Amino acid sequence: MESSLMMTAAPTADARVSRVWINGPRWDVFWLIGSALIVPIVLMFVWGGASSDAINIGVTAVIGGPHLFATYTLTYMDPRFRKSHWWLLVAATIAVPSFVIFMTLYNFQILLSVFIFSASVHVLHQNAYLTDIYRKRAGTKESTRSRFIDYGLLMVSIYPIAAYKLVHSDFMLGDVEILIPDFLRIPATYWAVWAAFAFFLSAWLVKTWHEYRAGTVNVPKTLLIAVTASVAFFVPAAAEGERLELAFQSVNAWHAIQYMGILWYIQKIRKERGLIGSKFIRSISGQGRGAWLFYGFCFAVTMGMFFTLVSAANADIFGFSAKHGRDLGFQQYYYMGVLSCLLIHYVFDGYLFSVSHKAEQTLERIPFATPSLAR
């Protein structure tokens, strides 16, 4: 049985035309590309003066938290993944929360700096993963140079304006300044980033033009890269000071919508092929009612996390205030809990995104496995 993800089976003309799309043009455009429209919607709330708590908690509760815990449905809660990747689960479960708790207590500013950089890489890595799917489904081999240009534009697109703000100490996450090493706090840093962005953008435009002229342009991949690079480039300029954090929530919302779509589809395919070992996860996977149950479960876990963090902050149940002579407050408790879960999510996805495109990977072992050849 073919176990690679998102393969088409019919050799009809329509199938050959649309085979490059993951779940058809309409679904892909709605969930993966056109869902970028959430970015200006969230930004309108930012520009309209909505409170930081309303935007942060709203985005986290509605889509950010559910997308985070969706990862756990095919890692911790999947017997096959637990058996084949127990080492990754154990390492992440111990190392990540230990690091987050330690840094929350001893250098919260550096913790948030590590987090925002990791988040930016994670968001862009997800779209690079999607380009791998579109590239392989097209069934035509792209050169290493072409892939390098695609990846380069994606991975550098969020940093030109951000680098300028970082160098000038104007990059904030709430009221906390995000730090970079002192030796990078020079104009040469952002000029180098701008030069890299200009190079990759120019190379990508030229490459895309040649592909168009040759009739070989990969439409969904090209659209995704264009939208991603545009959003990533402009969002760091969308707000200043303490409101900058809220601008990045717009990107987080788009990223989370994409991710929920990807996870839903992955679990749908795995359910159809009998690859989900957990009876409970099978029951909340698939189309129709299963899709709503999948989201509802992830939302319920998110609400449980909020309740736990609020209760912990109000009661100071861990005694951090008494031990260290200061009140951590809700923000520290919030990040202590959220970042522990979130960075574990980054670790799992970083691994899965990176190895899924390899030809030897299958859906039995790697849930995100991409097809070796589109049919």
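Per the working numbering, residue 142 is the first one in the sequence shown, and the count goes up by one each step.
Idealized CB from N, CA, C, for every residue including glycine.
The model shown is predicted, which means the values in this text are computed figures rather than measured ones.
Query                                                                                                                                                             : Result
Does the distance from the CB of MET218 to the CB of SER419 come in under 8 Å?                                                                                    : yes
What's the gap between the Cα of GLU352 and the Cα of VAL358?                                                                                                     : 5 Å
With DSSP collapsed to three states, give me the class of MET401.                                                                                                 : helix
Who are the Cβ neighbours of VAL488 in its own chain at under 7 Å, not counting the five residues just before and after it?                                       : ALA233 and VAL237
From the DSSP output, read off the bridge partner residues of LEU253.                                                                                             : None; LEU253 has no bridge partner.
Under the rule that 16 or more other beta-carbon atoms within 10 Å means buried, what is GLU386, buried or exposed?                                               : buried
Assuming THR216 and GLN473 form a contact by the criterion Cβ under 8 Å, report the distance between their Cβ atoms to the nearest whole angstrom.                : That pair is no contact at about 27 Å.
Return the CA-CA distance between TRP172 and ALA279, expressed in angstroms with no decimal places.                                                               : 20 Å
If TYR436 and PRO220 are in contact, beta carbons under 8 Å, what's the gap, nearest whole angstrom?                                                              : The pair is not a contact, with the Cβ atoms about 23 Å apart (cut-off 8 Å).
Tell me where the alpha helix (DSSP H) around HIS351 begins and ends.                                                                                             : 328–355
Roughly how many angstroms lie between the CA atoms of GLY427 and GLN399, to the nearest whole one?                                                               : 17 Å
Count the other CB atoms, across all protein chains shown, that sit within 10 Å of the CB of HIS498; report buried if there are 16 or more and exposed otherwise. : buried
Per DSSP, which one or two residues make a beta bridge with MET313?                                                                                               : GLU318
Where do the ends of the alpha helix (DSSP H) carrying THR212 lie?                                                                                                : 206–214
So, are the CB atoms of TYR331 and VAL308 less than 8 Å apart?                                                                                                    : yes
Here's a check: name, in chain order, each residue in its chain whose Cβ is nearer than 6 Å to the Cβ of THR281, leaving out the five neighbours to either side.  : none
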